[in-house]
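Protein chains in written order, with my numbering: chain L, 530 to 840; chain D, 3 to 199.
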């Protein structure tokens, strides 16, 4: 009888431990898994009725993270990460590298850096279980504490904690965007493509010192949890128009604020897209303020209105 | 352009055309002009011309789409640097400029084709449809949506209106692409580094 009890406790305890895990603990395990495990995931990105298939490989070799991302449809588009350098290889472009410890465009920055910062603006709630990509998945809701940003739903692999699916959900609970794994596998030996990536010579990354802003713009209000991430002066990509730039983030949502000279062609005061991307325009004196980001347009408008020029 | 071509073009206008011919049409600007004219003539015969602003939408859309690939090519400073006196610019911009020119974002990431079509039926209505932004994560066909800042005043000619619409699109695209590029370039910045408001 006693043996049976011991046996039962041995079998049941790990399962029990998982049952008692908090939503935060699930996410922390996910963060570790994303950074330390060797895995290959085929995924689809779904937004506004468009589907983009992609493949992502990640491993840790000699204590350095190596990752490879490739979009599978359309013109070739790849990214390679070796430790803290990410190289973008895209059709019609000279490949270039930047210093970064993640490839932008997949999982949000907070997933592999600091989950703690999310607690200012989001609460983590454990949801139900679902089968995704043939794997058992645990749902963790990342719910905005206010109406100033969108919420997220993340399903984690119950065996290895890797994320299987992430939904971006509007304030009205409409699905805006989805990143979903269709097939995932773990490996013990580093696949050839990653080994090759380590051996290859990639363009070297340079540190760019941001161009100082001429004026100091200040926000009198920002949604709780949003902080200034970057502040510089640059020329708009594509139009070469000079702008003062302020980048905001709350860890999941990223918002760009642009201040420039007013133009003759006015932009619509408010535009929203099906995937939640919005762009709003306002005027402060002679300056035109454009705020862009995947957030409710109401929030973007309030951010634009809160800008003041500091003397 | 010979007679035979005119025939298929005419068929195309009537919607009686195969995919290959459509492709040929899409590569032939002369044929496109014809196409437009045929449609215009057709509309005129059927007395379906709108009272005002016969917008040349196909040209607008085509040039909006055509301009997309250009957006992803880092433009050389020589071509675009005009001597402006911008409110927020200063002379120091130029060196940075060259650096930034190396960073680019592929259209397939950033293409946010904003296709503006003024819906004729709704011109008369009080409530204009709220502007919708059509984002295209991949190269693909865009379904036309409504985009207009304010109903332009009646005095604006079709051509002017068209140009304005295109300029709007171009500007919106520039902001959206830059936003995405900034996310990439600053993907490493941690929040704690800079937390002033």
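All C-beta atoms in this analysis are idealised placements derived from N, C-alpha and C, irrespective of residue type, glycine included.
Secondary structure of residue i, DSSP reduced to three states
| i | result |
| --- | --- |
| residue 175 (chain D) | helix |
| residue 180 (chain D) | helix |
| residue 585 (chain L) | strand |
| residue 753 (chain L) | coil |
| residue 164 (chain D) | helix |
| residue 774 (chain L) | strand |
| residue 639 (chain L) | helix |
| residue 648 (chain L) | helix |
| residue 766 (chain L) | coil |
| residue 706 (chain L) | strand |
| residue 601 (chain L) | coil |
For residue j and residue i, the rounded distance between their alpha carbons
| i | j | result |
| --- | --- | --- |
| residue 638 (chain L) | residue 159 (chain D) | 48 Å |
| residue 596 (chain L) | residue 611 (chain L) | 7 Å |
| residue 165 (chain D) | residue 717 (chain L) | 58 Å |
| residue 690 (chain L) | residue 713 (chain L) | 12 Å |
| residue 554 (chain L) | residue 604 (chain L) | 39 Å |
| residue 570 (chain L) | residue 29 (chain D) | 39 Å |
| residue 644 (chain L) | residue 762 (chain L) | 30 Å |
| residue 162 (chain D) | residue 574 (chain L) | 38 Å |
| residue 787 (chain L) | residue 648 (chain L) | 27 Å |
| residue 749 (chain L) | residue 834 (chain L) | 9 Å |
| residue 797 (chain L) | residue 702 (chain L) | 26 Å |
| residue 619 (chain L) | residue 653 (chain L) | 36 Å |
| residue 781 (chain L) | residue 728 (chain L) | 33 Å |
First through last residue of the alpha helix (DSSP H) which encompasses residue i
| i | result |
| --- | --- |
| residue 725 (chain L) | 721–728 |
| residue 572 (chain L) | Looking at the DSSP string, residue 572 (chain L) is not in any alpha helix (DSSP H); the run it does join, the beta strand (DSSP E), is 568–576. |
| residue 828 (chain L) | 826–834 |
| residue 556 (chain L) | 552–565 |
Residue i and residue j closer than 7 Å at C-beta
| i | j | result |
| --- | --- | --- |
| residue 785 (chain L) | residue 821 (chain L) | yes |
| residue 170 (chain D) | residue 767 (chain L) | no |
| residue 168 (chain D) | residue 783 (chain L) | no |
| residue 789 (chain L) | residue 772 (chain L) | yes |
| residue 697 (chain L) | residue 705 (chain L) | yes |
| residue 760 (chain L) | residue 189 (chain D) | no |
| residue 779 (chain L) | residue 754 (chain L) | yes |
| residue 582 (chain L) | residue 601 (chain L) | yes |
| residue 739 (chain L) | residue 625 (chain L) | no |
| residue 811 (chain L) | residue 791 (chain L) | no |
| residue 176 (chain D) | residue 765 (chain L) | yes |
| residue 560 (chain L) | residue 641 (chain L) | yes |
| residue 826 (chain L) | residue 795 (chain L) | no |
| residue 746 (chain L) | residue 655 (chain L) | no |
| residue 715 (chain L) | residue 568 (chain L) | yes |
| residue 667 (chain L) | residue 687 (chain L) | yes |
| residue 628 (chain L) | residue 726 (chain L) | no |
Buried or exposed (CB count within 10 angstroms, at least 16 for buried), residue i
| i | result |
| --- | --- |
| residue 32 (chain D) | exposed |
| residue 793 (chain L) | exposed |
| residue 657 (chain L) | exposed |
| residue 587 (chain L) | buried |
| residue 608 (chain L) | buried |
| residue 669 (chain L) | buried |
| residue 580 (chain L) | exposed |
| residue 828 (chain L) | buried |
| residue 736 (chain L) | exposed |
| residue 592 (chain L) | exposed |
| residue 660 (chain L) | exposed |
| residue 72 (chain D) | For residue 72 (chain D), the predicted model reports a pLDDT of 34, less than 50, meaning its position is unreliable and no value from the coordinates is stated. |
Residue range of the beta strand (DSSP E) that includes residue i
| i | result |
| --- | --- |
| residue 792 (chain L) | Segment: none, residue 792 (chain L) is in no beta strand (DSSP E) and carries neither H nor E. |
| residue 633 (chain L) | It is not in any beta strand (DSSP E) - residue 633 (chain L) carries neither H nor E in the DSSP assignment. |
| residue 695 (chain L) | 692–698 |
| residue 744 (chain L) | Neither: residue 744 (chain L) is in no beta strand (DSSP E) and is coded neither H nor E. |
| residue 668 (chain L) | 664–673 |
| residue 685 (chain L) | 680–686 |
| residue 611 (chain L) | 606–611 |
Contact test: residue i Cβ vs the ligand ZN heavy atom, cutoff 6 Å
| i | result |
| --- | --- |
| residue 803 (chain L) | No copy of the ligand ZN appears in this structure; indeed no ligand is present at all. |
Residues that residue i contacts on chain A, provided the C-beta gap is smaller than 9 Å
| i | result |
| --- | --- |
| residue 169 (chain D) | Structure shown: chain A not included; protein chains present are L and D. |
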